[in-house]
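**Student:**
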Amino acid sequence: MTEFICRTCGDRYPIETMHWLCPCGGLLDLDFTPSLDPQVVMKRPTTLWRYREALPVPPGAELSLGEGFTPLLPLSIGGREVLVKQEQLFPTGSYKDRGASVMIAMAAHLGIRNVVEDSSGNAGCAVGAYCAKAGIHCRIFVPADNSPGKLGQIELYGADLVPVPGTREDTAAACKAAAADTYYASHVYNPFFSTEPKPLPTRL
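Here you go:
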């Protein structure tokens, strides 16, 4: 059974909890044991959900915009041959789609209808896009002086923008206050967001 576990004190919480931090102040992680069958995996479509057993989302709750399997571009840098993964080819233009896909899939599975997130760009776009796919209303708290291009992209997905004067930290603080009674779809604190990159070495 998947649970939240505090990295600091070890306390556990059901995944239905609205906590985004442990009361002790510690970050939450997921107690989840992945299981992959290579023979089954290789027969699936080439999205990140090919590896669904390595992701803490129940079967049938997947949420996809076609993300994953971005190509590797061979380059020579400083006399060394390297492979550069082209994550800009994700649906909203950044790798943040990885975590947003899993996090919003789980939010939808839990029946959550409203979320908040704070972002200065890419994460807000990703959360807005996947919320639109899931039919979840989202408010994205943004710095008031943020790039008009990024703000326009976030709005394009149907998210409500909440401009916050001041610093990026002021934006985060305003969103955390709103998260007192709304699901915090945070790309920093929500462990469902941060768990997606873990299968990446398998894909590479």
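Every letter in the sequence shown is one number past the one before it in UniProt numbering, and letter 170, counting from 1, is 170.
Just so it is clear, CB atoms sit at the ideal spot from N, CA and C, and this is done for glycine as well.
For Val82 and Phe90, what's the separation of their Cα atoms in angstroms?
**Tutor:** Each residue's alpha carbon lies about 21 Å from the other.
**Student:** In the DSSP output, which residue or residues are listed as bridge partners for Ser76?
**Tutor:** Glu81, per the DSSP bridge assignment.
**Student:** Ile154 to Thr33, Cα distance in whole Å?
**Tutor:** The alpha-carbon atoms of Ile154 and Thr33 are separated by roughly 34 Å.
**Student:** Could you say which of Arg80, Pro59, Thr46 and Val57 lies nearest to Glu67 if we only look at CA atoms?
**Tutor:** When only C-alpha atoms are compared, the closest one is Thr46.
**Student:** In chain order, what residues of the same chain have a beta carbon less than 8 Å from the beta carbon of Ala134, not counting five sequence neighbours either side?
**Tutor:** If we look at Ala134 and ignore the five residues flanking it on each side, its Cβ neighbours are Leu63, Ile104, Ala105, Ala107 and Ala108.
**Student:** Is the stretch 4 to 24 touching the stretch 156 to 166, taking contact as three or more C-beta pairs under 8 Å?
**Tutor:** Touching, no, given that fewer than three Cβ pairs across the two stretches are closer than 8 Å.
**Student:** For Val142, name the three-state secondary structure that DSSP assigns.
**Tutor:** Strand, per DSSP.
**Student:** Quick check on Gly111: buried or exposed, where buried means 16 or more other Cβ atoms within 10 Å of its Cβ?
**Tutor:** Answer is exposed; the Cβ neighbour count stays below 16.
**Student:** List the whole-angstrom C-beta distance separating His187 from Gly99, where the pair is believed to meet the contact cut-off of C-beta under 8 Å.
**Tutor:** About 6 Å; that satisfies the 8 Å criterion.
**Student:** Going straight from the alpha carbon of Asp118 to that of Gly25, what length do you get?
**Tutor:** In a straight line, the C-alpha of Asp118 is about 19 Å away from that of Gly25.
**Student:** State the CB to CB distance for the pair Val115 and Ala174, rounded to an integer number of angstroms; the pair is presumed to be in contact (CB under 8 Å).
**Tutor:** With 8 Å as the limit, Val115 and Ala174 do not qualify as a contact, their Cβ atoms being about 15 Å apart.
**Student:** Mind checking whether Glu53 and Ser76 have CB atoms under 8 Å apart?
**Tutor:** No, the Cβ-Cβ distance between Glu53 and Ser76 is not below 8 Å.
**Student:** Per DSSP, which one or two residues make a beta bridge with Tyr13?
**Tutor:** Per DSSP, Phe4.
**Student:** Hey, Leu65 and Ala129: beta-carbon distance below 8 Å or not?
**Tutor:** Yes. Within cutoff.
**Student:** Which residues in the same chain have their Cβ closer than 6 Å to the Cβ of Tyr189, if we skip the five residues on either side of it in sequence?
**Tutor:** Counting only Cβ-Cβ distances below 6 Å, and skipping sequence neighbours, we find Trp20.
**Student:** For Phe141, count neighbouring C-beta atoms within 10 Å of its own C-beta (all shown protein chains included) and say buried if the count is 16 or more, exposed if not.
**Tutor:** It counts as buried.
**Student:** Which residues in the same chain as Arg12 place their Cβ atom closer than 6 Å to its Cβ, once the five residues preceding and following it in sequence are excluded?
**Tutor:** Glu3 and Ile5.
**Student:** If Lys85 sits next to Gly121, beta carbons under 8 Å apart, how far is it from one beta carbon to the other, in whole angstroms?
**Tutor:** Not quite, the Cβ-Cβ distance comes to about 20 Å (not below 8 Å), so this is no contact.
**Student:** Straight-line CA distance for Gly79 to Leu72?
**Tutor:** Their Cα atoms are separated by approximately 18 Å.
**Student:** Do you know offhand how far Ala132's Cα is from Tyr157's?
**Tutor:** Spanning the two alpha carbons is a distance of roughly 6 Å.
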